[in-house]
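Q:
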Amino acid sequence: MKKKSLFPVINGLMHGCDYNPEQWLDRPDILEEDIKMMKKANINAVSLGIFSWSVYEPSEGEYHFEWLEKTIDNLYKNGIYTILATPSGARPAWLDEKYPEAMRTDCYGQKEHHGFRHNHCMSSPVYREKVSNIIRKLAEHTGGHPGVIMWHISNEFGGECYCPLCVKRFQDYLADKFDNDISKLNHAWWNTFWSHNYSSFCQIEPPFANGERTNLGLDLEWKRFTTWNMNDYMKSEIKLLKELTPGLPVTTNFMQFYSGLDYNVMAEELDVISWDSYPALHNDSEPFYKTMENNSFYHAVMRSMKRDRPFMMMESAPGLVNWQEYNKVKRPGVHKLFSMQAVACGSDTVQYFQWRKGRGSFEQYHGAVIDHLGKDDTRIFEEVKDLGDALKKISKTAGTVIEAKAALLYDWDNKWAIEDIKGLSNNTKNYDAVCCSFYSAFLRLGIEMDVIASDRDFANYGIIIAPMLYMLRPGVADRLESFVSKGGQLLATYLTGYVDINQLCYLG
Amino acid sequence: MKKKSLFPVINGLMHGCDYNPEQWLDRPDILEEDIKMMKKANINAVSLGIFSWSVYEPSEGEYHFEWLEKTIDNLYKNGIYTILATPSGARPAWLDEKYPEAMRTDCYGQKEHHGFRHNHCMSSPVYREKVSNIIRKLAEHTGGHPGVIMWHISNEFGGECYCPLCVKRFQDYLADKFDNDISKLNHAWWNTFWSHNYSSFCQIEPPFANGERTNLGLDLEWKRFTTWNMNDYMKSEIKLLKELTPGLPVTTNFMQFYSGLDYNVMAEELDVISWDSYPALHNDSEPFYKTMENNSFYHAVMRSMKRDRPFMMMESAPGLVNWQEYNKVKRPGVHKLFSMQAVACGSDTVQYFQWRKGRGSFEQYHGAVIDHLGKDDTRIFEEVKDLGDALKKISKTAGTVIEAKAALLYDWDNKWAIEDIKGLSNNTKNYDAVCCSFYSAFLRLGIEMDVIASDRDFANYGIIIAPMLYMLRPGVADRLESFVSKGGQLLATYLTGYVDINQLCYLG
Amino acid sequence: MKKKSLFPVINGLMHGCDYNPEQWLDRPDILEEDIKMMKKANINAVSLGIFSWSVYEPSEGEYHFEWLEKTIDNLYKNGIYTILATPSGARPAWLDEKYPEAMRTDCYGQKEHHGFRHNHCMSSPVYREKVSNIIRKLAEHTGGHPGVIMWHISNEFGGECYCPLCVKRFQDYLADKFDNDISKLNHAWWNTFWSHNYSSFCQIEPPFANGERTNLGLDLEWKRFTTWNMNDYMKSEIKLLKELTPGLPVTTNFMQFYSGLDYNVMAEELDVISWDSYPALHNDSEPFYKTMENNSFYHAVMRSMKRDRPFMMMESAPGLVNWQEYNKVKRPGVHKLFSMQAVACGSDTVQYFQWRKGRGSFEQYHGAVIDHLGKDDTRIFEEVKDLGDALKKISKTAGTVIEAKAALLYDWDNKWAIEDIKGLSNNTKNYDAVCCSFYSAFLRLGIEMDVIASDRDFANYGIIIAPMLYMLRPGVADRLESFVSKGGQLLATYLTGYVDINQLCYLG
């Protein structure tokens, strides 16, 4: 069995959590308690600084890293390692006040107001500049610390921006993609239909909600561009981090169910894949085992992005979340089941959002290891602690790499194309559900499956499942034929091979 | 039994209605019929001029009050008193055309267009100035008339405005509330979460729909500010009225189910509480007695705002309303039941919207005493007339004040905080329903209950019900403890005492 | 039996389709196949150029009509006639880029972005000018061709625009209608209610979504104006066409279920009525015969607009559509049933959208005679071909005019008024359904019915059904009385005769 340890210093599995001590700087007693209780709970790593920009830099050019350095030090002395975040996930108010171009423009063309999080214009030079600056400062103060073992880039990337800058970048992206030949784009998007031909790339706008909502080619390229632009931004952070701290691995936390970004594209830039696993446990719409099966599918999606190493479950809820319609606490024992599923599926970490519930704001009732009561005699704490013990007992499994002999093909742009089909049953295309159902069927037979993009190598597999492979990327048909001709087994379904990468139907 | 008569000249209970003769000035025959039929129906008071601005002042500076003076005179000569409204509930078109700043800005930051009603920017100096002007004119022409016995301020206050002027007033309100110390506000709102710290009050915006929708502290203070600003506006009208006609009492009509304003705050400025009672009678979702029970709860809410005097049921529907999904006529006998409930619950008036149905526009099918047929031989008319007789027979009850020995605590900001909780069952918090159910349980036992804010005096009560008292205002816990220690009985429920007035969870 | 042939050159019934060869100019093999297969399918007419502007004029002032001329020629040589469209249904991108005033403003006052189709400001002088220009060019190149037998004006007119130009035209329209006397408008709209009186026509705005949504008179006149303005635009196209090609008849394709335009008004400008029939066949909410009955009602609506000649079913789906929630293929045999119903109801044509499925864009899965496979051995093709044979066999029926002895009164402004009633069951007014049910009842008795506006002549009828004739236009009551006094039978229902043409309730 192959092995690839993510964190040699940890020498086992990571048991960690998001930790936000900056919310409690006026309560040194609580910060002291935190360390004690973390040790009690067998926590060996924390994620720091994910949303700390306004504490690092409360007004432009005024910096405070003392508290962070002290925290990292304290943790390290107590055997707890730090995954340090770049704080780009939420901008301080002064930044938006002074540089409003950093705020997104929505799909109606309206500049959004300050607030929320994750709502930056990824094209904005000033946002990128301000991020670079705070990262440099952060690295100056913490970069060489032996307790810091990884960079966590921003947080849960997502969303779109329709500002003039993004529109221009989109046009440039299209011009580049279509060789500066507008007739190529017109043909690829079948623009003669409804007189949609452009005579210049500068006429192309994104699919504004009060604009072009009937051009499938535009829809698809806008999604591809959004990934391209987000990735371009992410690479700018990575480039800087690799300069500043060459040895540290980088990750960013992907989200379950998020279909706005092609994670396969972004995965290539990362050293390790990590994701946040928040299934609606104990829901009323499906049996519990089904929720768990679906969750394992998403584990497989994440694991398969880097088949030669484990992944990380960067976030999960110790007890419950707060954003579902009904929020239910994990029943007794479910915490261990859920966490061990992650490990069994290839994660080398079990991490939580978050260590301690904040007193206020949007997530004051999101589950955490430590409740508002501040006690370590709760059921949640006990289960977390027990899980820590259990992870220790299987520490030798750290670094284990799964070698699946079966693969399921799963492409983001295939998903986007299917969801955008105008026809059939318009509101129930169910691509993910169909993929999950195949994955589950094999799982029940005890057959581990990779879930891979259709442009990945098929060499190591004996069987390939291709549910609803509506869009055939260049070469895929030939490669599948070759796979089968060499004895591979291929299972395809309805809705296979209708369109090319521009969603043009194949003729004949 | 204590007594406090609201209108000594009436010498009994008020049986009244909204009356809009300005819609019929070209039909003197109808106006003459009106007086005759009012007398037949035992009407002894009408509300005049609620939406008459564009008739008083059809273009800027051109005034017409003759018709009003004549109407008040005629009514008075026929034994019918007038409650005179300030006409600020709807602005004439010329005002919005010339002074667009009087129009509201919506939660997307878009200036609204002219139209509808109740949609003024309460901060607007020009709106306040124009209102003052028309009130002065109105008082000049009618103020000393013996038929006028009360001022009805504007109409059904409600709504919010997001214009720059309101934003600035909000910032000033916050600066004042938090001692010009932004760190106090940051702590109160737990702004370190998601990097939400402000470095200056001038960075704070209201919760724009395309802006900050994740800050509970902001949400709550915006609601408190909206009440504060509306109250500030209302006080400006009251101040002027008290100068112009010192002897006349003032009221404004509150709305059932409206949760956008803390009526307890506004009640302090009024001489008498009045409200508009429009339950969905004969609905399909609950038995009839339940609708009536809920209605009695709202009567109790209104009555309890001024425990030393009766309140007024300023509006109710003689037959049916027109804005519910299904609009049903009161079944035979229900009119008396419904009206007598109001009196039994402490109202000294039974008033209707409206006397006569208008021929057109939005409420042409809202029930009225006189239908488009113009006849007095309808069932509705007969029931109204009979009710008038019945009210005469119990005229001695006028001025009766209820002295309840039980109280239910009901805070608007507790309601807002509960509704804004992110967690639990997110869409079904049901604060009002729970409060109603406790009120109903006591009602069935024959125990009358006040429904009061938690900062009111508990001295006269033997029992206090505090359903879902999620937010504990300063001192309330101590006062409840003291109440109990003196022998009082306190009933609390789940979700009690979680947060302070800023919605910060109590620790430990 | 009277006869009036629409197209003498065709000498029978038309079997036609929308044909978009401009999508296949790089595939001469396909274009050649098209002609062969059309002949095989007994197609004798096609509609050309409906959305061809961006091919005719790919950039401003650069024209390409060669392909069109060649197509018309080829078709004609093969016995297939052309209905030529004016291409105003969708603007090229260069037009919106250079003349943004051609784009609509939405009901929030926001200028829409380029895209979609049918979204022109009908008031825009530059749009009208550019349309005139391209029509002149089109007529130059094709006008005298013997294969061209009709003009198809634009496509499926619809929608509204709230730009300043449209607002101004609306104000002028109102001033004209109300004799420049704002008091007449105020009275007609009952504007004293809620202080809605205007002092000048220039204060009146359309019912913006964030503006005046409570004035029924405004709502109604805005709808009437929208028809007036659309008609004014359409007449400008017709005027030009009649100058350029005096002999050619004109039509435009109406839509089933579209209630935004009073088709009775527009019908007067057209030589022939045509419409697009797309019922949701095989749906789950009603039995199949009911869908067919409802469809026959709409046939009757269209037929009755010009009682002295047949109408055209300009579009129908050979197999299925793509825009319903569930899109189902016609079951075997249904194509003939559906098409023959049209003929039986008075259509002299069975036409399809479209001949050949495009490879991409919004309607790539809308049914067509030829599928992406490009074969003529499909069931759809066979059924189309058989239908063509069948139509030939009954070619003598062409020109037949139905003379119904019964009529159902159906007014667009009555429908608008009923839908806008505030009261009753607010969301289920069901005017169309009630009309359909009466029509169906007579249909089952074998009695053919016209469906006419209430201001049409009643002379030829023995029975008139007037379901929910809520709004009585001037003279209608008298004319119905006279109709009955002469022995005619009149059936009226609930909700008859409540309001006048301004929606003012009748009194007394």
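Protein chains in written order, with this note's numbering: chain A, 1 to 508; chain B, 509 to 1016; chain C, 1017 to 1524.
Glycine is no exception: its CB is placed at the ideal position from the N, C-alpha and C atoms.
Going by alpha carbons, who is nearest to B/His843 out of B/Asn699, B/Gly827, B/His653?
A: It is B/Gly827.
Q: If you draw a straight line from the alpha carbon of C/Arg1229 to that of C/Lys1445, how long is it in whole angstroms?
A: Cα to Cα, the separation comes out at about 19 angstroms.
Q: For B/Phe655, which beta-bridge partners are listed by DSSP?
A: The amino acid occupying residue 655 of chain B in the given sequence is Gly; Phe does not appear at that position. DSSP, once it has assigned bridges, lists no residue as partnering B/Gly655.
Q: Does A/Arg213 come within less than 8 angstroms of chain C when only Cβ atoms are used?
A: Chain C contact via Cβ: present.
Q: Whole-angstrom Cβ separation of B/Leu583 and B/Val554, contact assumed at under 8 angstroms?
A: About 6 angstroms separates the two Cβ atoms, so the contact holds.
Q: For C/Ser1301, I'd like the list of residues in its chain whose CB is within less than 7 angstroms of its CB, leaving aside the five on either flank, ordered along the chain.
A: No residues qualify anywhere along the chain.
Q: Using a Cβ cut-off of 8 angstroms (strictly closer), state whether A/Pro8 contacts chain B.
A: False, the Cβ-Cβ gap to chain B never drops below 8 angstroms.
Q: Whole angstroms are fine: how far does the CA of A/Asn253 sit from the CA of A/Met314?
A: The alpha-carbon atoms of A/Met314 and A/Asn253 are separated by roughly 6 angstroms.
Q: Using a beta-carbon distance cut-off of less than 7 angstroms, what residues from the segment 1383 to 1397 of chain C approach chain A?
A: Cβ contacts with chain A: His1388, Leu1389, Gly1390.
Q: Could you list the residues in the segment 17 to 36 of chain A with a C-beta less than 7 angstroms from some C-beta on chain B, going in chain order?
A: Within the segment 17 to 36 of chain A, the qualifying residues are Glu22, Gln23.
Q: Determine the burial state of B/Leu999: buried for a count of at least 16 other Cβ atoms within 10 Å of its Cβ, exposed for fewer.
A: By the neighbour-count rule (16 or more Cβ atoms within 10 Å), B/Leu999 is not buried but exposed.
Q: Does the segment 592 to 604 of chain B come into contact with the segment 639 to 648 of chain B, if we say contact requires no fewer than three beta-carbon pairs (one atom in each stretch) closer than 8 angstroms?
A: Result yes; three or more Cβ-Cβ pairs closer than 8 angstroms.
Q: So what does C/Asp1112 bridge to, in DSSP terms?
A: Bridge partners of C/Asp1112: none, in fact.
Q: Is any beta-carbon of chain A found at less than 8 angstroms from that of C/Trp1339?
A: Cβ-Cβ to chain A under 8 angstroms: yes for C/Trp1339.
Q: Leaving out five residues on either side along the sequence, give the residues of the same chain with a beta carbon under 7 angstroms from the beta carbon of C/Glu1221.
A: Correct list, in chain order: Val1183, Gly1227, Glu1228.
Q: Any C-beta of chain B sitting closer than 8 angstroms to the C-beta of A/Asp106?
A: Chain B contact via Cβ: present.
Q: At the 8 angstroms Cβ level, is C/Lys1438 part of the contact set with chain B, yes or no?
A: So yes, C/Lys1438 belongs to the interface.
Q: Nearer than 7 angstroms: is that true of the beta carbon of A/Glu101 relative to any heavy atom of the ligand NAP?
A: Annotation note on the ligand NAP: not contained in the displayed structure, which lists no ligands.
Q: Going by DSSP, what residue range makes up the beta strand (DSSP E) through A/Leu84?
A: Element bounds for A/Leu84: 81 to 85.
Q: Quick one: Cα of B/Gln711 to Cα of B/Asp770, how far?
A: Roughly 26 angstroms separates the two Cα atoms.
Q: Using a Cβ cut-off of 9 angstroms, which residues of the segment 190 to 202 of chain A contact any Cβ in chain C, in chain order?
A: Listed by position along the chain: Trp190, Asn191, Thr192, Phe193, Trp194, Ser195, His196, Asn197, Tyr198, Ser199, Ser200, Cys202.
Q: Step through the CB atoms of chain C and report whether any lies within less than 8 angstroms of the CB of A/Gly217.
A: It does: the Cβ of A/Gly217 has a partner Cβ on chain C nearer than 8 angstroms.
Q: Would you list, in chain order, the members of the segment 55 to 82 of chain A that have their beta-carbon closer than 8 angstroms to a beta-carbon of chain B?
A: The residues in question are Val55, Pro58, Ser59.
Q: Whole angstroms are fine: how far does the CA of A/Glu243 sit from the CA of A/Val343?
A: Rounded to whole angstroms, A/Val343 to A/Glu243 spans 32 angstroms at the Cα level.
Q: Would you call the CB atoms of B/Ile551 and B/His523 closer than 8 angstroms?
A: Yes, they are a contact pair.
Q: Determine the chain C residues that contact A/Phe208 at a beta-carbon separation under 7 angstroms, and present them in chain order.
A: Under the 7 angstroms cutoff, chain C gives His1129.
Q: Here's the rule I'm using: 16 or more other beta-carbon atoms within 10 Å means buried, otherwise exposed. How should B/Asn968 be labelled?
A: Burial call: exposed.
Q: What number of angstroms, rounded off, separates the C-alpha of B/Ala906 from the C-alpha of B/Ser847?
A: Using only the alpha carbons, I get a separation of about 14 angstroms.
Q: Using three-state DSSP, classify C/Lys1019 as helix, strand or coil.
A: Reduced to three states, the DSSP call for C/Lys1019 is strand.
Q: I need the boundaries of the beta strand (DSSP E) containing B/Gly524, first residue and last residue.
A: That run of the beta strand (DSSP E) goes 522 to 527.
Q: Residues in the same chain with beta-carbon distance under 8 angstroms from C/Gly962, minus the five sequence neighbours each way, listed in chain order, please.
A: In the structure as shown, chain C begins at 1017 and stops at 1524. Residue 962 of chain C is therefore absent and cannot be evaluated.
Q: Would you mind stating whether C/Trp1339 and C/Cys1033 have Cβ atoms separated by less than 8 angstroms?
A: Going by C-beta atoms, C/Trp1339 is not nearer than 8 angstroms to C/Cys1033.
Q: Counting only runs of 3+ residues fully inside the segment 630 to 714 of chain B, write out the beta strand (DSSP E) ranges in chain order.
A: Entirely contained in the segment 630 to 714 of chain B, the beta strand (DSSP E) runs reaching 3 residues are, in chain order, 656 to 660.
Q: Please go through the same chain and pick out, in chain order, the residues whose beta-carbon is closer than 8 angstroms to the beta-carbon of B/Ser708, but skip the five residues on each side of it.
A: Ile690.
Q: Evaluate the contact criterion for the segment 1413 to 1428 of chain C versus the segment 1387 to 1403 of chain C: three or more CB pairs, one atom per stretch, below 8 angstroms.
A: In short, these stretches do not touch, since the Cβ pair count stays below three.
Q: Let me know the secondary structure DSSP gives B/Lys747 once reduced to three states.
A: Reduced to three states, the DSSP call for B/Lys747 is helix.
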